[in-house]
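Novice:
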Amino acid sequence: MIYQYKFEKILTIKEKEKRDALSKYNAALKTFEKVAEKLYKLLKKKEDLLEFQQEKLRNGLSVQEIRHHQLFMDNMEKLLSHCQQEVIEARYKMNVLQEVLLERNIEVKKYEKMKENEFLTFLDVIKEAENKQMDEISIRQFFSKGR
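Sequence positions in the sequence shown follow UniProt numbering and run 1 to 147.
Printed below as a string of structure tokens:
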């Protein structure tokens, strides 16, 4: 007898869904890392600019230069705010896709467990059939020797 799992096609589909969910999650993770790194670089640049501006203020600046620096810092704040929003959105998407991946993984595990249990039952049936066959052979041998 050859073992054939009755839900093999479903298991194959679920495994494909899991692989798709994994690839989407990995893409979202890379996007999150990229956006987070961009935010980090902007924050570092802002910090450097603040240090530079403080140094310039100590040495003296014209009103025009102060306005220019302030306008630049305002634009930097807007850029930072936008980038922080991108990070929040990327993190949310990544978390949603992680949940989907976990659900797909659980589904695959369920079908794999069902397959394992069904296979063990199949082995028990084969073993029982072999035992019956051996009993029949033993009985025939006993009766043939007894005559």
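C-beta atoms are modelled at their ideal positions from N, C-alpha and C, and glycine is treated no differently.
Source: prediction; values computed, not measured.
1. Could you say which of GLN54, TYR92 and ASP48 lies nearest to TYR25 if we only look at CA atoms?
2. Quick check: the Cα distance between GLU89 and LYS109, rounded to an integer number of angstroms?
3. What separation, rounded to the nearest whole angstrom, lies between the Cα atoms of LEU42 and LEU61?
4. Contact defined as beta carbons within less than 8 Å: I believe LEU97 pairs with ALA21. What is the distance between those atoms, to the nearest angstrom?
5. Tell whether a beta-carbon distance below 9 Å holds between GLU33 and LYS115.
6. Given this structure, state the Cα-to-Cα distance separating PHE52 from ASN75, to the nearest angstrom.
Specialist: From the atom records:
1. TYR92
2. 30 Å
3. 24 Å
4. 7 Å
5. no
6. 16 Å
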